Every structure is written in structure tokens, then in C-alpha cells.
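Below is one structure, written out as C-alpha cells, with a few remarks after it.
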Amino acid sequence: GSVLPPLEPGKLRLYSMLYCPFAQRTRLVLAHKRIPFEVVNINLKCKPEWLFDKNPLGLVPILEKDERIVYESAVCDEYLDAEYPGLSLLPKEPYVRARMQMLMESCGKMRKYTNLHGYCNGYFRSQENYLLLRLPFHKFYENALKSSKYLAGDSLSMADLHIWPFIERIYLLKELVGIEVLSPDACPQLTQYTQRMFQEPCVKATRIDVKKYIEYRNAYSKGVFPDDV
Ligand SMILES: N[C@@H](CCC(=O)N[C@@H](CS)C(=O)NCC(=O)O)C(=O)O
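First residue of the sequence shown? That's 10 in the working numbering, and the numbers climb one at a time after it.
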């Protein structure tokens, strides 16, 4: 297997994969809070053995600093928010926080809707089936955005950074399979929100390059895992 690069004392490292939506959550928080870090990208088709020493599940993202290890994207993000200075992304008021966390939970329940590999490999087969994807996005996010500029209030919060990678991927379907799932007519709030999110520096810093993503996907479907992800 590949050799684990040494980690300097005091440095924060993220084990990641360029197109992983969960790792993107953590990269969004790192970028938003301007936390310095280094990245080790993992070949998920051929995982190094040492990955399982860091996370027995063998999944990214994983954070490491001075022998402290944190994994699971939601846990990593809450840890970063608490450990590093700056404006917190989590509301203090218990009910506001509970509302936000319910929205974040909904995203976990939408896993089957957010697997781009599945969509692109013809999982949904017809346009009609693709459009079914709109329902959960509409139910949770279009509705939440009727009363606020961001998903959990009028400023960016953890809910936005937690859910954004999946919204970004749904919009990518337009370029990948030519189907606009969250059209401006059906989802006016989400459409405006997306434009707003694309202006956020952390979103700019982690935005998927569609051309590169297509190259990666083509290679991945042939069993090849490109070196640079
Ligand atoms: N619940 C985990 C999910 C992480 C996850 O599934 N990461 C994927 C990459 S997108 C992974 O590491 N896959 C490797 C595998 O499934 O073996 C989290 O939120 O961090």
C-alpha cells in the first residue's frame, strides 16, 4: 500500500477525496473559518491499510492533529466549529438549533437521492424518475427558504454547509444528463439560494469543476481511480 506521509506537530490534516460530498462538508467549514490545513487525498478504490487505523470504517473525511483523530463529516464539522475561533456556525438558542439539526438530518435520509454515480449510470432511467428527485428537495429546502435567505436563518450556518454538497450535485445533473431537476419555475427559492451560495468564498473554494468531474466519473466507471482526486 501507499506510504503515510508524516504529519508535522501542530498541523491539521484532512484525509479527503476531491469529489466526496461528505469531505466537501468539512472542506467548506475549513474554508469558511479560514483554518489552515493540509490534504491527503485517498484512493477509495484501493485504500491504504493505515486508513483503517485512523477510521475503522475506512471512510473519508477524517481530521488529524497531534494524534487526535476525528471522523464522520457532521462530527468533524462540529468539532472544527467548537475548536477554532471565529463566529460559530451553530445557533445557541436550543429551539433554533433543533430546527437546524432536523433539516440536517433530512439530508442523511436523502442518500439515495444524492448519489450522482447512480444517476449517471442510468439508475433513474427516465426523465420522469429523475424529476421525482425534486420532491424531497422541495419539501425540505424550498420550503425552508421561503422564510429566510439561508437554510436556517438570514446568515450562513452549519445547515448550509452540511447540505450544500448535495444541492450542488443535483444542479450538476443538468450538465451531466441534461435534466434540470430543480428548475427555476418549480424551485424559485432554491434557484436564488444557489446563486447566493455560489458567491460565498467557501463555496467558491470547493466548487466542483464539471469537466474534471466528468473525466473522473468516466475513469471511475472503467475501474480507474485518477491520481489527482
Ligand atoms: N457518514 C460518513 C460518510 C462518508 C462516506 O461515505 N465517504 C465516502 C466517500 S464519498 C467514502 O469514504 N467511501 C469509501 C467506501 O465506501 O468504502 C460521513 O458523513 O463522513
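The C-beta atom is built at its ideal place from N, Cα and C for all residues, glycine as well.
Predicted, not measured: the structure shown is a model, and the values here were computed from it.
Does DSSP put residue i in a helix, a strand or coil?
| i | result |
| --- | --- |
| Leu154 | coil |
| Glu73 | strand |
| Arg143 | helix |
| Ile223 | helix |
| Val12 | coil |
| Tyr80 | strand |
| Glu17 | coil |
| Leu185 | helix |
| Gly162 | strand |
| Arg34 | helix |
| Val233 | coil |
Assuming residue i contacts residue j (C-beta within less than 8 angstroms), just tell me the rounded distance between them.
| i | j | result |
| --- | --- | --- |
| Leu16 | Glu92 | Not quite, the Cβ-Cβ distance comes to about 17 angstroms (not below 8 angstroms), so this is no contact. |
| Lys63 | Ile78 | 5 angstroms |
| Leu99 | Met206 | So it is not a contact: roughly 19 angstroms between Cβ atoms. |
| Ile179 | Val190 | 5 angstroms |
| Pro145 | Met119 | 5 angstroms |
So that I know if they touch, is there some Cβ in chain D lying closer than 8 angstroms to that of residue i?
| i | result |
| --- | --- |
| Ser82 | Among the chains of the structure shown, chain D does not appear; only one protein chain is present. |
Between residue i and the rest of its own chain, which residues show a CB-CB distance below 7 angstroms, the 5 nearest in sequence each way excluded?
| i | result |
| --- | --- |
| Val48 | Leu23 and Ser25 |
| Lys155 | Gln198 |
| Arg34 | Ser82, Asp86, Leu170, His171 and Pro174 |
| Thr203 | Ile176 and Tyr180 |
Sorted by chain position, which residues of the same chain lie with C-beta nearer than 6 angstroms to residue i's C-beta, five sequence neighbours on each side aside?
| i | result |
| --- | --- |
| Val69 | Tyr24, Ser25, Met26, Cys29, Ala32 and Ile51 |
| Cys211 | Leu37, Ala40 and His41 |
Starting from the C-beta of residue i, find all residues in its chain whose C-beta is less than 8 angstroms away, skip the five residues before and the five after it, and write them out in chain order.
| i | result |
| --- | --- |
| Tyr88 | Leu72 and Val79 |
| Gln11 | Looking at the sequence itself, residue 11 is Ser, so the reference to Gln does not match. Here the set comprises Asn52 and Pro57. |
Inset, instruction - Pair every Cβ in the segment 57–68 with every Cβ in the segment 109–117, then say whether three or more of these pairs are closer than 8 angstroms. - result: no
Legend entry - Neighbouring residues (CB closer than 5 angstroms to any heavy atom of ligand 1): Cys29, Phe31, Leu53, Leu68, Val69, Glu81 and Ser82
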